[in-house]
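Reviewing the structure listed below.
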């Protein structure tokens with residue numbers, strides 16, 4: 001084989017090696033782009049410290065949300081309100097004529113305006129008599 005054929009072969013191998021290195025770099029860049037896209041997707045998932053029901057949606061799509069108060073008036077500090085439905089407390093005003101009919105630990109059902117078809121099992125945990133009773137309650 002002549003020297004020019006060897007040189008041409010070496011040049012072709014060097015070119016292929018350069019192309020391979022470029023493709024490996026492209027794969028690495030693509031992997032980093034996938035990692036960034038996954039991180040951005042993960043940031044769209046909302047996780048709460050307890051299970052419950054969202055009762056208030058405070059942020060709208062496209063708004064900036066931060067866990068701390070920063071950024072002026074354009075940054076929300078929360079996206080909603082979650083209620084733990086297992087530990088609800090209801091305060092009920094009872095007319096003083098009927099207050100003696102409400103024994104502690106008696107069972108009842110609670111009801112909300114929005115979910116009127118859902119009866120929430122409840123029980124009395126305390127009867128608080130104010131020092132001055134209001135006749136209307």
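Numbering (this note's numbering), first residue to last: 1 to 137.
Every residue gets a Cβ at the ideal spot worked out from N, C-alpha and C, and that includes glycine.
Note that the coordinates shown come from a computational prediction; the quantities given were computed from them, not determined experimentally.
Identify whether residue i lies in helix, strand or coil by the three-state DSSP scheme.
| i | result |
| --- | --- |
| residue 173 | Given that the chain is displayed from residue 1 to residue 137, the structure contains no residue 173 and the question cannot be resolved. |
| residue 90 | coil |
| residue 139 | Given a span of 1 to 137 for the chain in the structure shown, any question on residue 139 remains unanswerable. |
| residue 27 | helix |
| residue 100 | helix |
| residue 117 | coil |
| residue 4 | helix |
| residue 33 | helix |
| residue 9 | helix |
| residue 129 | coil |
Based on the DSSP secondary-structure assignment, which residues constitute the bridge partners of residue i?
| i | result |
| --- | --- |
| residue 122 | 108 |
| residue 81 | 56 |
Please report the Cβ distance between residue i and residue j, rounded to the nearest whole angstrom; I am assuming they are in contact, meaning their Cβ atoms lie under 8 Å.
| i | j | result |
| --- | --- | --- |
| residue 48 | residue 79 | About 10 Å; that fails the 8 Å criterion. |
| residue 99 | residue 111 | Actually they are not in contact, since the Cβ atoms of residue 99 and residue 111 sit about 21 Å apart, beyond 8 Å. |
Using 8 Å as the Cβ pair cut-off and three pairs as the minimum, do the segment 12-31 and the segment 43-61 touch? No, they do not touch.
Contact between the segment 101-109 and the segment 118-126 is defined here as three or more beta-carbon pairs at a separation below 8 Å; is this criterion met? yes
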